[in-house]
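Trainee: In terms of UniProt numbering, the sequence shown has 33 at position 33, counting the first letter as 1, and numbering is strictly consecutive. Don't be surprised by glycine CBs; every beta carbon is placed ideally from N, CA and C.
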Amino acid sequence: PAFSCGDGRHTPCCSRAEANIGQHGDDGARRKYKYGGHSRKRMCAAARVRALAASASASASSTEPEEVVDVVVIGSGIGGLSCGSVLAKHGYETLVLESHYVPGGCCHTFPHKAPGGDGEYVFEVGPSILEGPKDGSTNPLQLVLEVLGEEVENRTYNGWTMHDGLGPGAASHDEPSSSLPTPMAIGENSWRYSVGPDREPGGFEQALREHAENPELAVAEWRRLRERMRLLSEANDACPLLNLRQDFGLLLTTLPALPFYLSHPGVLPDVPLLFDSFHRISEPIITEPFLKRFIDALCFFSGYPAEGTMGAAMVYCLSEFHKEGASLMAPIGGSGAVIDALIRGLEKYGGRIEMKRHVEEILVEPDPSTGAPRAVGVRLKNGKVVKARKAVVSNATAWDTAKMLHEDAMPDEDSRTWLSELGETPAQGSIAHLFLGLKGEGMDWSKVDAQHLIIED
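1) CA-CA distance, MET229 and ALA432?
2) So, with DSSP's three-state summary, where would you put ARG199?
3) According to the Cβ coordinates, are GLU120 and PRO111 closer than 8 angstroms?
4) Distance check for PRO426 and LEU405, CA to CA, integer angstroms please.
5) So, with DSSP's three-state summary, where would you put LEU95?
6) Using DSSP with H/G/I as helix, E/B as strand and the rest coil, what is ASP296?
7) Just verifying my parser: in three-state terms, what is the DSSP assignment at HIS100?
8) Hey, quick one: how far does the beta strand (DSSP E) through ILE339 stretch, first residue to last?
9) Expressed to the nearest angstrom, what Euclidean distance is found between the alpha-carbon atoms of GLY311 and ILE78?
10) Within the region 378-426, note down every full alpha helix (DSSP H) run reaching 4 residues or more, in order along the chain.
11) What's the call for LEU434, buried or exposed, on a 16-neighbour Cβ count within 10 Å?
12) With DSSP as the reference, identify every bridge partner of GLY159, one or two as the case may be.
13) In this structure, what does DSSP give as the bridge partners for PRO366?
14) Grab me the residues of SER61's own chain with a C-beta within less than 7 angstroms of its C-beta, minus the 5 sequence neighbours each way, in chain order.
15) With a threshold of 8 angstroms on Cβ separation, who are the neighbours of VAL448 within its own chain once the five nearest residues in sequence on each side are excluded?
16) Three or more C-beta pairs closer than 8 angstroms, one from the region 350-365 and one from the region 89-105: is that the case here?
17) Hey, ALA341 and GLU151 are a contact pair by Cβ (cut 8 angstroms); roughly how many whole angstroms apart?
18) Just to confirm my understanding: we take GLY440, look at its own chain, exclude 5 residues before and 5 after, and list those with CB closer than 8 angstroms. What are they?
19) Leaving aside the five residues before and after TRP191 along the sequence, list all residues of the same chain whose C-beta is less than 6 angstroms from its C-beta, in chain order.
20) Under DSSP, the alpha helix (DSSP H) around LEU251 begins and ends at which residues?
21) I want to know whether the region 318-336 touches the region 128-142 - three or more CB-CB distances under 8 angstroms.
22) Does DSSP put ILE78 in a helix, a strand or coil?
23) Judging by CA-CA distance, which residue of CYS107, ASN236, LEU255 is the nearest neighbour of THR138?
24) Using the Cα positions of SER420 and ILE332, report the straight-line distance between them to the nearest angstrom.
25) Starting from PHE260, follow the alpha helix (DSSP H) in both directions and report where the run begins and ends.
26) Which full runs of the alpha helix (DSSP H) of 4+ residues lie inside the region 269-294, going along the chain?
27) Whole angstroms is fine: what's the gap from GLY336's alpha carbon to CYS106's?
28) By the 10 Å Cβ neighbour count, where 16 or more other Cβ atoms means buried, how is GLN142 classified, buried or exposed?
29) Name the two residues that bound the continuous beta strand (DSSP E) containing LEU328.
30) Going by DSSP, which residues form a beta bridge with HIS452?
31) Are the CB atoms of GLU288 and GLU221 within a distance shorter than 8 angstroms?
32) Nearest to ALA299 by alpha carbon, out of ILE285, CYS317, PHE290, PRO284?
33) What distance in whole Å lies between the Cβ atoms of ARG379 and ILE285, which are believed to be in contact at a cut-off of 8 angstroms?
34) With a threshold of 16 other CB atoms inside 10 Å of the CB of ILE343, please say whether the residue is buried or exposed.
35) Quick one: what's got a C-beta closer than 7 angstroms to PHE123's C-beta in the same chain, skipping five residues either side?
36) Determine the contact status of LEU87 and GLY345, defining contact as a CB-CB distance below 8 angstroms.
Right, dumping it as structure tokens:
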């Protein structure tokens with residue numbers, strides 16, 4: 001079918017949404033991205049305000065006239081906005097439709113009044129540990145921002161504090177069900193994970209020597225894992241994600257990677273590991289309990305331990321985090337500032353975002369030339385129809401996307417089977433978020449890490 005959807009999973013760097021314009025024979029999709037350009041710092045929370053204001057006047061009436069654009073993007077998460085803004089940059093009339101009243105999907109901020117009306121807290125939802133910017137980075141989000149000529153003002157830092165409830169000396173949680181495990185004391189098994197060169201003083205290897213159950217084994221296995229990932233990381237870097245596409249243009253955009261693969265033929269059999277579960281790489285090497293727990297914890301930002309997390313994401317992170325000059329960043333204004341930058345890029349090139357626009361149905365018709373089902377637009381909850389000349393892109397979850405597609409619009413058994421399988425995609429467990437506001441007066445925040453990760457089991 002001529003539409004694509006996000007897979008409902010998240011990597012530490014960027015969500016995923018793909019446009020499939022090339023499937024309809026659109027030569028414009030073969031234009032080469034031009035990286036770099038001039039970038040500038042702009043403090044601007046107004047992007048979200050404009051998006052909210054634009055939607056505030058939108059009527060809920062079903063009498064709104066039909067609208068026609070080139071591409072409709074469903075959802076304003078990082079993936080949807082990245083897709084929509086880059087399409088707008090390349091000349092496509094793009095409309096991003098968001099069901100919520102705040103843009104950003106799983107990456108947004110929201111205000112909350114403090115008790116007694118004494119000020120206001122701003123909480124952020126979603127990704128909070130972000131890789132810092134650096135020259136020559138293949139970070140997918142940084143590449144998108146460079147394409148758009150946008151920056152996210154930020155402050156950088158170099159690590160976070162881990163509180164490991166199962167570290168050496170911690171109470172066992174393998175207790176009878178009639179008794180509850182004793183909560184760990186903060187600091188009892190706390191240690192600091194530092195990005196940057198891992199063999200320098202204060203680096204990750206020092207943490208392994210000080211906290212692992214078998215320090216020498218942990219260091220040896222970590223070095224073996226790093227060496228195992230080295231060529232895979234270089235293979236990953238040789239072909240950045242923005243070079244991957246779903247049509248024959250792939251042959252052109254991946255051509256720059258050819259010299260690397262010709263000079264390193266031994267990496268070719270391992271390339272499928274990038275698209276498999278990371279435990280296929282780590283499990284044959286890592287046995288030391290402390291190191292294994294840490295890798296599972298780092299993988300869990302994707303929603304899964306090592307078994308279930310895509311290899312490419314972890315190969316990228318574990319390699320990039322330990323390069324010279326590596327850093328983490330805290331966006332000024334919270335993670336919502338990333339969304340502001342993407343909306344600025346979208347609007348700068350003529351794209352639009354509309355809030356409180358719930359898509360009820362993806363409209364599907366047979367392609368005139370092939371007879372295959374093709375997405376031609378969407379119907380909103382208020383009855384309005386928005387037609388798409390080129391494509392419909394869904395940044396909604398696989399399950400929500402399946403609900404927006406009607407089985408009777410699928411003309412053949414293959415399409416109906418695909419739709420059924422899409423709706424039966426295994427779901428991750430739910431995560432409860434607890435937001436805590438702290439009064440900062442009189443506290444020395446310079447001695448407190450920006451991030452703390454507490455793992456009890």
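Mentor: According to the data block:
1) 33 angstroms
2) coil
3) yes
4) 18 angstroms
5) DSSP, read as helix, strand or coil, puts LEU95 in strand.
6) helix
7) Note: HIS100 maps to coil in three-state DSSP.
8) Counting along the chain, ILE339 falls outside any beta strand (DSSP E), though it belongs to the alpha helix (DSSP H) covering 336-348.
9) Roughly 21 angstroms separates the two Cα atoms.
10) 398-404, 413-423
11) exposed
12) SER194, per the DSSP bridge assignment.
13) DSSP lists PRO373 as the beta-bridge partner residues of PRO366.
14) Its pLDDT being 48, under 50, SER61 is placed unreliably by the model, and the measurement read from it follows with that caveat. Counting only Cβ-Cβ distances below 7 angstroms, and skipping sequence neighbours, we find ASN382.
15) none
16) Short answer: they touch.
17) 7 angstroms
18) none
19) MET162, ALA207, HIS211
20) In this chain, the alpha helix (DSSP H) harbouring LEU251 covers 250-253.
21) yes
22) Three-state DSSP puts ILE78 in a helix.
23) ASN236
24) 43 angstroms
25) 258-263
26) 279-282
27) 10 angstroms
28) buried
29) 328-331
30) THR161
31) yes
32) Reading the sequence as shown, one finds Cys at residue 299 and not Ala. With distances taken between Cα atoms, CYS299 lies closest to CYS317.
33) With a Cβ gap of about 51 angstroms, ILE285 and ARG379 do not count as contacting.
34) buried
35) Answer for PHE123: THR109, PHE110, HIS112, PHE435, listed in chain order.
36) no
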